[in-house]
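Chains as they are written, first to last, in full-length UniProt numbering: chain A, 1 to 270; chain B, 1 to 251.
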Ligand SMILES: Nc1ncnc2c1ncn2[C@@H]1O[C@H](COP(=O)(O)OP(=O)(O)O)[C@@H](O)[C@H]1O
Ligand SMILES: [Mg+2]
C-alpha cells in the first residue's frame, strides 16, 4: 500500500478538488483506493465526492473507537474500487493522534487497499502534520502566485523533517509538484507566475498543470469529482496526472495560450 | 496576565520563545494542546528563552526543568533574556548564556540608518566582536534549504549543494558556500569570525552578514551581482568594518 498526501500549506488552492479527482483516477485504473479527509472541522471532501448524505460515522468516530473502520468507509457512487473516509464536522481536532492515525492506516493496508490518498487541511498545525506523517509520496498543490509558492516551500521543508520517513531516516517522501488553477492567458499577460517559474523556485518534479476552469465549480456543486467531467480540460489534465504518477510519459497540455484569431473574434467559435 | 506563548524566528538565535511563564508545569499545561502528539515538534534548532514578559518572578525557578521541557519539544536552549540578576548563578551552572548584553552589542553592530540598496559596503559604527576560527567539520546540505528551514553550524562551514530558497536561514560560525541559487538570510562568521566568507554561484539573498556586519537587499540587487557568482567578505579599515560584495570574475 502507498500513502499519498495532497498538501499545500495554503488554503483554497485545490487540495480537496485534487484529492477527489486523483483518488477517483487511481480507482478508475482498477486500484483499490481510499481517500481520507483530514480536515476535521471543515469536512469538504464528502461534498465534492457527492456522498454527504451517506455519512453516518466518520474518521473521528473510528479514532475514538465509536465505530469500526468498515462502518465509516463509504463506497463511491462512480467507481466501485474507491472508498471515502469522511472527516467530522464538529468534533475536536485533538482526536487526531499519531497512534490513532497509524492504526487506521494499518487497518486499511490489511483490508487490501493499494492507495490511500490523504486530503490535508491548510496550515502547518496538527491536522496537516497528521496527514503527512505516514506519507510515502506527496502531491504539493500550488497556485501560480508568490504566497502559494512560499507556503508550498514551507510544507516541503516540513515533509523533509516531520514525516515518519524523515524521522526514521528512511528514503525520503517522494515529492510531486502540481500547479492548479493555472490560466495560460494570465501567465502570458504577466499577471501570474508560469509553471516553469514555480518549478524553478521549488525544484520538485512537476506532475501536472491543471487549468483554471468553471467546470470545477459545476462539478463540486453536483458532487462529481472533476476527473469524471468527460471532454473538459480539467478532467483530461487530472487523467494525465494519474498517468504520470503511474509512470507513464505524457506531454504537458493546457499550458500555452493562443490568442483567438480575428475571424474567431468576429464570428465566434465555429 | 496573558498566557500566550509565542514562537518567533529571531535574528541570529534561531527560535525565540517569548514566554510569560517560568514554571515548567504551567508551560506544559499551556502548550500541551498545541504540541501534544508531536514530540520533538522542532528539529533541534537553537532557542533563546525570552522571559521579559514575566510579571511576578518566583524566588525559585526550576531552570533545569525548563531546559528539559524545551528539549522535549525539539529545541536546544542556548540562552535567556529578561531574567533578573538573582538567577545568574543558576543560569551559569546550566551553561545558559545571558543574552541581554549580547543583544545590545548586536544592535550596535547594525547600521543606524536603513542600509542602502546598493550593496557597496555596510558601515558598522562599532567593530564586531572578535573570535578565532576553529577547525571543524563542514556541513554539507544536499537538498534545497526551504522557507522556514534553518541550517545552523555552530562551529564549521556550510556547503549548500542545492541552494536555498526565500525564507530560509543559514547560519555558520565559519564560511558559507553555495552551489545554485542563494536566497533567504545568510549569516557567516556568526561567532565573530572576521575571516569568514560567503561564496555563491547564483547570488540573491535577502540578507547577508559576516561577524554581525550585515546588509539587506530590500530594493533588489544590482545587475552586476544578481544571480551571478559572488563573494562576500569583511574588510576592516581603520577599525571600521565594511562588507565587500563583489562578483567573482574568474568563473
Ligand atoms: N482548476 C480549478 N479551476 C477553478 N476553480 C478551482 C480549481 N480547483 C479548485 N477550484 C476552486 O477553488 C476552491 C478551493 O478548492 P479546494 O479544492 O476546496 O481547495 P483546498 O482543499 O486547497 O482548500 C473551490 O471553490 C474550488 O471549486
Ligand atoms: Mg480542502
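Here a beta-carbon is modelled for each residue, glycine too, at the ideal position from N, C-alpha and C.
*residue 150/A and residue 181/B: beta carbons closer than 8 Å?*
Not in contact: residue 150/A and residue 181/B (Cβ atoms no closer than 8 Å).
*Helix, strand or coil: how does DSSP classify residue 45/B here?*
strand
*Quick one: does the C-beta of residue 213/A sit closer than 7 Å to a heavy atom of ligand 1?*
yes
*With a 10 Å radius around its C-beta and 16 neighbouring C-beta atoms as the bar for buried, classify residue 57/B as buried or exposed.*
exposed
*What's the gap between the Cα of residue 13/A and the Cα of residue 181/A?*
8 Å
_Is it buried or exposed, residue 76/A, if we count other Cβ atoms within 10 angstroms and call 16 or more buried?_
buried
_With DSSP as the reference, identify every bridge partner of residue 7/A, one or two as the case may be._
140/A
*asked:* If distances are taken between C-alpha atoms only, which option among 3/B, 227/B and 194/B comes closest to residue 237/B?
replied: Nearest of 3/B, 227/B and 194/B to residue 237/B, Cα basis: 194/B.
*Residue range of the beta strand (DSSP E) that includes residue 254/B*: This structure cannot settle anything about residue 254/B, because the visible part of chain B is limited to 1 through 251.
*Would you say residue 132/A reaches chain B, if we count a Cβ-Cβ gap shorter than 8 Å as a contact?*
no
_Contact with chain A by residue 146/B, beta-carbon distance below 8 Å_ = Yes, because at least one Cβ of chain A sits closer than 8 Å to the Cβ of residue 146/B.
*Contact under 8 Å by Cβ, residue 168/B with residue 184/B*: yes
_Touching by the beta-carbon criterion (3+ pairs, under 8 Å), the segment 28-37 of chain A and the segment 210-224 of chain A_ = no
*Note down, in chain order, each residue of its chain lying with its Cβ closer than 6 Å to the Cβ of residue 67/A, except the 5 sequence neighbours on either side.*
57 and 61
_Let me check you understand the geometry: is the CB of residue 13/A closer than 7 Å to at least one non-hydrogen atom of ligand 3?_
You won't find ligand 3 in this model; what it holds is ligand 1 and ligand 2.
*Excluding five sequence neighbours on each side, which residues of the same chain lie with their C-beta closer than 7 Å to the C-beta of residue 138/B?*
156, 157 and 159
*What does residue 154/A reach in chain B if we use C-beta pairs closer than 9 Å?*
146, 147, 148, 149 and 167
*Taking only beta-carbon positions, decide if residue 200/B is within less than 8 Å of chain A.*
no
*Cβ-Cβ separation, residue 231/B to residue 249/B (assumed contact under 8 Å), whole Å*: Rounded, the Cβ-Cβ distance is 10 Å, inconsistent with contact.
_With 16 other Cβ atoms within 10 Å as the buried cut-off, status of residue 37/A_ = buried
*Short check: CB of residue 176/A to CB of residue 200/A, under 8 Å?*
no
*Short check: CB of residue 17/A to CB of residue 48/A, under 8 Å?*
yes
*Would a check of beta-carbon distances place residue 26/A closer than 8 Å to chain B?*
no
_Residue-chain proximity (residue 106/A, chain B), Cβ-Cβ < 8 Å_ = It does not: the Cβ of residue 106/A has no partner Cβ on chain B nearer than 8 Å.
*Looking at residue 204/A and residue 144/A, is the spacing between their C-beta atoms short of 8 Å?*
no
*Return yes when the Cβ of residue 50/B is within less than 8 Å of the Cβ of residue 26/B, no when it is not.*
no
_Classification of residue 6/B by the beta-carbon crowding that lies within 10 angstroms, buried from 16 upward_ = Flag for residue 6/B reads exposed.
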